[in-house]
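For reference, the structure is listed below as structure tokens.
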Amino acid sequence: MLSASIPDVEDRYLARTYQRYPVVVVRGYGATLWDADGRAYIDCMGGYGVALVGHCHPHVVVSVKRQLEKLITCHCSLYNDARAYFLEKFSRVLPWRHGRVFLCNSGAEAVECALKLARRYTGRPGVVAMMRGYHGKTMGALSATWSEKYRKPFQPLLPHFSFVPYGKVDAVKDALTDEVGAVIVEPIQGESGVIIPPDEYLKELRELCDSRDVLLVCDEIQCGLGRTGRFWASEHWGVVPDIICAAKGLAGGIPMGVAAARADIMEALKLGEHTSTFGGNPLACSAASAVIDVLLGERLPERARKLGEKFLELLRDAVEGLPSVREVRGLGLMLAVELRRHVRHPLMNCLKDGVIALYSGMNVIRLLPPLVIEEEQVERAAQVIGSALMTEDKNA
1 MLSASIPDVE DRYLARTYQR YPVVVVRGYG ATLWDADGRA YIDCMGGYGV
51 ALVGHCHPHV VVSVKRQLEK LITCHCSLYN DARAYFLEKF SRVLPWRHGR
101 VFLCNSGAEA VECALKLARR YTGRPGVVAM MRGYHGKTMG ALSATWSEKY
151 RKPFQPLLPH FSFVPYGKVD AVKDALTDEV GAVIVEPIQG ESGVIIPPDE
201 YLKELRELCD SRDVLLVCDE IQCGLGRTGR FWASEHWGVV PDIICAAKGL
251 AGGIPMGVAA ARADIMEALK LGEHTSTFGG NPLACSAASA VIDVLLGERL
301 PERARKLGEK FLELLRDAVE GLPSVREVRG LGLMLAVELR RHVRHPLMNC
351 LKDGVIALYS GMNVIRLLPP LVIEEEQVER AAQVIGSALM TEDKNA
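Under the numbering used here, the first residue of the sequence shown carries the number 1, and numbering increases by one thereafter.
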């Protein structure tokens, strides 16, 4: 028995570093969550994009149970069957014919590896990152993250990082000094509010990096793995990066991150220079293999494209004419409603009506639902969001 209510216990012991929603989630399946009182919610937060193939997908559950009874941990200094199976599956979805991966436990760790790898391969410490970009909160990843509220308390951060406006290739060109070895970019910016780049931006960025012998790092932690309608978001613009970072939904909710690169780049890291105790553990690898099976077998990227188009249309219809709404945008099942007001009250109204939505900053409703969300749930979510915003406008 707990000594107090679940919220009271968490608030007493957990570090106070998270914005909390007033709901206690105890169960989930597909795109539905249930609270401690048995009330159901449509999950459009998706664990910040982690519930990619839905909560407790049967194939993932079976794979994890099987591996739990067989072997949970196995350091990468030893070979392992579950790891080998995952590596073969994952290599088939990489954009290079010959690629190698570093296995870790989170998106921030994947970015840390990418930054070290770029420096090791090029011999140059400089990194160009994007204004409004987000890459994590560990010291290296934070150095590439734009937001002042995340950066300021921990300065000075790593040197040799510069920031340029997202979507402006000429600004990148001006920032490419002789010390720059890498450009890091989200193909679609997530944390800043689902910002989609100009059509030629990534292609021009690729060409610029090639002409300057600079590595292009694509952070696909939030927008990759089928969420936007292609397996990798960079595919929308026909771009192949030098390094890809992936994480979030890769292992169905079990912590896992991957930094993947062309083989010649990854081989710049020498024995012992970058390792991870838990990276590539059999449990995460077994779950990730199952996730790839589900993504490809159930054609979830294609499903995300079709349902995302419908969700976008429904949202636009639901908020049409509302003075509080500035823009509705998105690609696949990565969507945002940008407001002219603070997002808190609309989010709480959505919660009351059974929809858990996410936010970006103070004025954007962000939606990262599982790719298995049902069409009826999409329709209901759009209706609830529209009603919540209409109510706020009437009360303003």
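Glycine is no exception: its CB is placed at the ideal position from the N, C-alpha and C atoms. These numbers come from a predicted model, not from an experiment.
Spatial neighbours of E220 in its own chain (CB-CB distance under 8 Å, excluding positions within 5 residues in sequence) are listed in chain order as E186, P187, W232, A233, S234, I244, C245, A246.
Taken atom to atom, the span from the alpha-carbon of A288 to that of K116 is near 24 Å. Between the C-alpha atoms of G49 and R27 there is a straight-line separation of about 17 Å.
The distance from the Cβ of F311 to that of A382 is about 6 Å, consistent with a contact at the 8 Å cut-off. CA-CA distance, V169 to L225, rounds to 26 Å. R230 counts as buried, since no fewer than 16 other beta carbons sit within 10 angstroms of its beta carbon. Q222 sits buried, since 16 or more C-beta atoms from the chains shown fall within 10 Å of its C-beta.
When DSSP assignments are scanned along the stretch 296 to 370, the uninterrupted stretches of beta strand (DSSP E) that are 3 or more residues long and fall wholly within it turn out to be 325 to 331, 334 to 339, 358 to 360, 364 to 367. In the DSSP assignment, the residues bridged to L103 are V258. Taken atom to atom, the span from the alpha-carbon of D210 to that of S5 is near 57 Å. Within the same chain, and ignoring the five residues on either side of G181 in sequence, the residues whose Cβ sits closer than 8 Å to its Cβ are A118, R119, Y121, T122, G123, R124, P125, G126, V127, V214, L215.
Under the three-state reduction of DSSP output, H55 falls in the strand class.
The criterion of a C-beta distance shorter than 8 Å is not satisfied by G257 and G47. S162 is bridged by DSSP to V128.
Judged by their CB atoms, P323 and E392 are not nearer to each other than the 8 Å cut-off. Residue burial is scored here from C-beta neighbours: N105 has at least 16 other C-beta atoms within 10 angstroms and is therefore classed as buried.
Distances from the CA of L33 to each of N395, E375, V384, P370 were compared; the closest alpha carbon is that of P370. In the DSSP assignment, G238 is bridged to no other residue. The three-state secondary structure of Y13, taken from DSSP, is helix. Counted as a single uninterrupted DSSP element, the beta strand (DSSP E) harbouring V217 occupies residues 215 to 219. Within a 10 Å sphere around the beta-carbon of F154 sit fewer than 16 other beta-carbons, which makes this residue exposed. A distance of 8 Å or more separates the beta carbons of L331 and G361.
Assigned with DSSP and collapsed to three states, A40 falls in strand.
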